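A.B. asks: One structure, as structure tokens, below. Some questions next.
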Amino acid sequence: MPVISAPYAFNEEELYVDLRSIFGHSLFLKCEGFNFAGSIKLKAATEMVESAERAGDLRSETVLVESSSGNLGVALSMIAASKGYRFLCVTDSRCNLATRLMMEALGSEVHVVADQESNGGFLGARLAYIRNLCASNDRCLWLSQYTNPSNWKAHYRRTAPAIARAFPRLDLLFVGAGTTGTLMGCARYFREWHRPIRIIAVDSVGSVTFGGTPGHRMIPGLGMSVQPPLLDESYVDDVVRVAEADTIRTCHRLAKRGFVFGGSTGTVVSGATDWLTRHDAQGRTAVAIAPDLGERYLDTVYHDNWVQDLYGEDVLDPDPPVNADVAPLGPTSPTGPPEPPPRRRRRRHDA
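The following block contains the structure:
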């Protein structure tokens with residue numbers, strides 16, 4: 023029975039979901055959302071704060087500052103509250119309301135950037151705000167998840183070894199690409215392992231992480247509007263790009279089977295199943311990393327009006343029934359097959 027005194031001391035490392043019955047592929051999903059921060063970002067946050075403490079950069083008057091679309095902000099809020107530090111999270115309008123409220127409940131300050139920079143989008147505006155703040159206030163300490171090596175080292179030391187212990191015959195690893203901390207930590211670890219592992223990065227359409235033209239993105243978590251400094255593409259064997267509409271469909275498909283995951287997880291699973299469909303992966307062991315759970319996405323990814331307003335009426339068309347032997351609900355005709363139930367009209371938000 024684990025007994026802890028600090029919230030960052032607990033993180034479930036050994037929970038996997040077998041997705042074969044849902045998607046028809048042999049794919050194990052490593053669930054990283056079962057900790058008090060609710061996401062994989064707890065590892066990077068803990069490593070960055072403790073590294074700053076070891077370096078003597080944190081004092082009682084220090085104000086921790088970080089740019090985050092949500093999950094890292096929650097993790098740092100929790101750690102700051104536990105350790106007695108002040109924390110300011112700089113985010114933007116795509117951050118989920120539940121995430122902002124969680125950070126504020128933990129005692130953090132949240133600054134929402136309203137405008138985008140012409141080249142760097144919301145992220146560029148967030149970073150410009152932090153640079154100006156740190157230049158004008160020497161009490162501020164910017165942890166900089168985008169450049170901080172402790173970000174990838176957390177996953178080199180913890181995430182990848184946990185996967186290796188659970189799957190000693192691993193062949194394929196699918197990792198979402200945001201700051202690329204998780205991707206780089208796992209890729210570096212498995213490059214040194216006793217057998218070759220194929221590392222497949224999963225990115226969002228509209229992200230420029232692996233090149234291309236920046237595009238409109240509304241789901242926080244994965245993807246970048248500038249190329250991440252931590253990324254070394256020589257460690258990546260393949261890249262899959264996922265449209266946000268496919269992220270939405272995958273999240274809802276998982277939810278129909280009782281698994282409510284976050285948008286980042288929907289992107290990773292969609293990319294992994296797409297790759298497995300296009301390649302002969304028969305007999306190979308594949309793992310994908312699920313960064314978070316879905317409670318903070320109830321007013322976005324799982325809200326019909328939000329989804330339809332952004333992605334269209336047809337994005338949530340029902341999948342084929344999981345069990346074809348079960349008749350659909352609704353009235354039956356004595357001379358024909360059962361009729362489908364009437365389609366429910368979904369309400370939209372007023373303009």
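If you want our numbering, it's the position in the sequence shown, counting the first as 1, plus 22.
In this text, a Cβ means the ideal position worked out from N, Cα and C, and glycines have one as well.
As the structure is a computational prediction, the values presented were derived from the model and not from experiment.
According to DSSP, is asparagine 170 part of a helix, a strand, or is it coil?
C.D. replies: Note: asparagine 170 maps to coil in three-state DSSP.
A.B. asks: Please determine if the stretch 43-54 and the stretch 128-135 are in contact, where contact requires at least 3 C-beta pairs separated by less than 8 Å.
C.D. replies: No, the stretch 43-54 is not in contact with the stretch 128-135.
A.B. asks: Shortest alpha-carbon distance to histidine 238 belongs to which of Asn154, Tyr257, Gly228?
C.D. replies: The shortest Cα separation from histidine 238 among Asn154, Tyr257, Gly228 belongs to Gly228.
A.B. asks: For the putative contact between valine 96 and tryptophan 164, defined by C-beta atoms under 8 Å, what is the C-beta separation to the nearest angstrom?
C.D. replies: About 18 Å; that fails the 8 Å criterion.
A.B. asks: Touch check for the stretch 221-236 and the stretch 263-282: three-plus C-beta pairs under 8 Å?
C.D. replies: The stretch 221-236, when compared against the stretch 263-282, does touch it at the 8 Å Cβ threshold.
A.B. asks: Evaluate the contact criterion for the stretch 184-203 versus the stretch 241-261: three or more CB pairs, one atom per stretch, below 8 Å.
C.D. replies: Short answer: they touch.
A.B. asks: Between which residues of its own chain and histidine 133 is the CB-CB distance below 8 Å, once the five residues before and five after are set aside?
C.D. replies: Leu110, Cys111, Val112, Thr113, Tyr151, listed in sequence order.
A.B. asks: Just list the residues that DSSP pairs valine 39 with in beta bridges.
C.D. replies: In the DSSP output, where bridge partners are listed per residue, valine 39 has Leu51.
A.B. asks: Taking all protein chains shown into account, do 16 or more other C-beta atoms lie within 10 angstroms of the C-beta of alanine 31, making it buried, or fewer, making it exposed?
C.D. replies: Exposed.
A.B. asks: Cutting at 7 Å between CB atoms, please list the residues of its own chain near lysine 63, excluding the five before and the five after it.
C.D. replies: These residues qualify, in order along the chain: Asn93, Leu94, Ala97.
A.B. asks: Taking just the CA atoms, how far does cysteine 156 sit from leucine 298?
C.D. replies: Near 45 Å, if we compare the C-alpha coordinates of cysteine 156 and leucine 298.
A.B. asks: Sorted by chain position, which residues of the same chain lie with C-beta nearer than 7 Å to arginine 279's C-beta, five sequence neighbours on each side aside?
C.D. replies: The answer, listed in chain order, is Ile44.
A.B. asks: For my contact list, alanine 308 and alanine 294 are in at a C-beta cut-off of 8 Å; report their separation, rounded to the angstrom.
C.D. replies: Confirmed, Cβ separation roughly 7 Å.
A.B. asks: Starting from threonine 267, follow the alpha helix (DSSP H) in both directions and report where the run begins and ends.
C.D. replies: The amino acid at residue 267 is misidentified as threonine; the sequence shows alanine. Element bounds for alanine 267: 266-277.
A.B. asks: So cysteine 208 is in the alpha helix (DSSP H); what residue range does that whole segment cover?
C.D. replies: Segment 203-213, the alpha helix (DSSP H) holding cysteine 208.
A.B. asks: Is it true that the CB of serine 172 sits closer than 8 Å to the CB of glutamate 69?
C.D. replies: Yes; because the gap between Cβ atoms is below 8 Å, this pair is in contact.
A.B. asks: Beta-carbon separation of isoleucine 270 and glycine 288 under 8 Å?
C.D. replies: Going by C-beta atoms, isoleucine 270 is nearer than 8 Å to glycine 288.
A.B. asks: I need the DSSP call for arginine 122, collapsed to helix, strand or coil.
C.D. replies: Note: arginine 122 maps to helix in three-state DSSP.
A.B. asks: Nearest-angstrom Cα distance between glycine 234 and glycine 143?
C.D. replies: Taking the straight line joining both Cα atoms gives about 15 Å.
A.B. asks: So if DSSP puts cysteine 111 in a beta bridge, which residue, or which two residues, is it bridged to?
C.D. replies: Cysteine 111 pairs with Glu88, Val132.
A.B. asks: Per DSSP, what are the beta-bridge partners of aspartate 260 in this structure?
C.D. replies: In DSSP, aspartate 260 forms a bridge with Ile222.
A.B. asks: Determine the contact status of glycine 146 and valine 230, defining contact as a CB-CB distance below 8 Å.
C.D. replies: No.
A.B. asks: Pull up the DSSP beta-bridge partners for asparagine 33, would you.
C.D. replies: Looking at the DSSP assignment, asparagine 33 forms a beta bridge with Asn57.
A.B. asks: So within the stretch 281-319, which uninterrupted beta strand (DSSP E) runs reach at least 3 residues, ignoring any that extend past its ends?
C.D. replies: Runs found: 308-312.
A.B. asks: If contacts are defined as beta-carbon pairs under 8 Å, then valine 323 and isoleucine 241 qualify, I think. What distance do you get, rounded to the angstrom?
C.D. replies: Yes, they are in contact, since the Cβ atoms of valine 323 and isoleucine 241 sit about 7 Å apart, within 8 Å.
A.B. asks: Could you tell me whether the Cβ atoms of alanine 267 and leucine 49 are closer together than 8 Å?
C.D. replies: Contact flag unset, no.
A.B. asks: Here's a check: name, in chain order, each residue in its chain whose Cβ is nearer than 8 Å to the Cβ of leucine 320, leaving out the five neighbours to either side.
C.D. replies: Cβ within range, chain order: Ala120.
A.B. asks: Identify the continuous alpha helix (DSSP H) that holds cysteine 156 and give its terminal residues.
C.D. replies: Counting along the chain, the alpha helix (DSSP H) containing cysteine 156 begins and ends at 143-158.
A.B. asks: Relative to the C-alpha of leucine 178, which residue among Arg187, Tyr211, Cys162 is closest?
C.D. replies: The sequence shown places tyrosine at residue 178, not leucine. Nearest C-alpha to tyrosine 178: Tyr211.
A.B. asks: Please look up how many angstroms separate the CB atoms of asparagine 118 and arginine 318, rounded, as I've assumed it's under 8 Å.
C.D. replies: Correct: roughly 5 Å between the Cβ atoms.
A.B. asks: Taking the Cβ atom as the reference point for each residue, do tyrosine 257 and arginine 213 lie within a distance shorter than 8 Å?
C.D. replies: Yes, they are a contact pair.
A.B. asks: Whose CA, out of Ser166, Glu35, Gly46, lies closest to the CA of glutamine 304?
C.D. replies: Comparing Cα positions, the closest option is Gly46.
A.B. asks: When you compare each of His325, Arg116, Gln167, Lys105 to leucine 80 by their alpha carbons, which one comes out closest?
C.D. replies: The shortest C-alpha separation from leucine 80 is found at Lys105.
A.B. asks: Going straight from the alpha carbon of alanine 59 to that of asparagine 170, what length do you get?
C.D. replies: When rounded, the distance between both Cα atoms is 20 Å.
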